[in-house]
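A.B. asks:
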Amino acid sequence: MSFLYRKTSLSRFFTTVSGISKNETKSSISKENLSKKKKHPDPRKSPKSEFEGDVNPETGEIGGPKTDPLIHGDYSFKGRTVDF
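Here the sequence shown stands for residues 1 to 84, numbered as in UniProt numbering.
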């Protein structure tokens, strides 16, 4: 990369782009990307539990079982699967 900074007529082109230094363009581009970052249009949703809280409204059981995380014999959470 030392060839980019030699004192030639082209060295001005490599050090500045239309009057803005490299560091300024990198920081402004990264700030623009962070502010305009969008989420995926169809994010996967985690499965909803049958009821909220610890008490089952049908049976009155406290801390009872909720939605079974086992699907096809393995645990999956947000697209990641663990097999025991």
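Glycine is no exception: its CB is placed at the ideal position from the N, C-alpha and C atoms.
Every value quoted in this text rests on a predicted model; they were computed, and no experiment measured them.
1) I need the DSSP call for Arg80, collapsed to helix, strand or coil.
2) Have a look at Gly79 and Asp54 and give me their C-alpha separation to the nearest angstrom.
3) Report all residues from its chain with a CB closer than 6 Å to the CB of Val82; omit the five preceding and five following residues, and keep chain order.
4) Would a C-beta distance cut-off of 7 Å place Asn56 and Gly64 closer than the cut-off?
C.D. replies: Quick look at the numbers:
1) Walking along the sequence shown from the start, residue 80 turns up at place 80. Three-state DSSP puts Arg80 in a strand.
2) One-based indexing of the sequence shown puts residue 79 at position 79. One-based indexing of the sequence shown puts residue 54 at position 54. Those two C-alpha atoms are separated by around 25 Å.
3) Translated into the one-based positions of the sequence shown, residue 82 becomes position 82. Within the same chain, Val82 has close Cβ partners Tyr75.
4) Translated into the one-based positions of the sequence shown, residue 56 becomes position 56. Translated into the one-based positions of the sequence shown, residue 64 becomes position 64. Closer than 7 Å, so yes.
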